[in-house]
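Comments concern the structure below.
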Amino acid sequence: MRLIAVCFLLLLAMIQYPLWLGKGGWLRVWEFERQVALAQNNNDKLKQRNATLESEVVDLKDGTDSVEERARFELGMIKKDEIFVQILDANAVMMAPAPAAVTEALRR
């Protein structure tokens, strides 16, 4: 009777091994599911980035607002009859203007 029980347990262990540790076992399935979830998360981030870039491209092609915005903020351009006002921080270090003698010497 003992021999039959031991054989049965050995047979059960042999059947369970591929289920848990084999090529298509549960551990590998769980690992693949985790990898798929990470890939889907990465894909969602990339889709959002692509949508943002696509809307920016469409805006650049169709409208002049984004071109004007880039010209103003990146290139410092202003429209005709506009006044440019720059507000400096009170704690900012101010550079002293060059003395007239130094400026005169540099011109020569």
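Quick note on numbering: the working numbering labels position 85 of the sequence shown as 87, and the sequence is numbered without any gaps.
Note that CB positions come from ideal geometry on N, CA and C, so glycine has one too.
- Non-local beta-carbon contacts of Ala7 in its own chain, meaning distances under 6 Å to residues more than five positions away in sequence, are absent.
- For Asp46, the enclosing alpha helix (DSSP H) covers residues Trp28 to Asp64.
- Straight through space, the alpha carbons of Gly26 and Glu56 are spaced by roughly 41 Å.
- In this structure, the CA atom of Ala41 is about 47 Å from the CA atom of Lys81.
- Straight through space, the alpha carbons of Asn44 and Val38 are spaced by roughly 10 Å.
- Between the C-alpha atoms of Lys63 and Asp83 there is a straight-line separation of about 27 Å.
- For Glu76, there is no enclosing alpha helix (DSSP H), as DSSP gives it neither H nor E.
- Judged by DSSP in its simplified three-state form, Met16 adopts helix.
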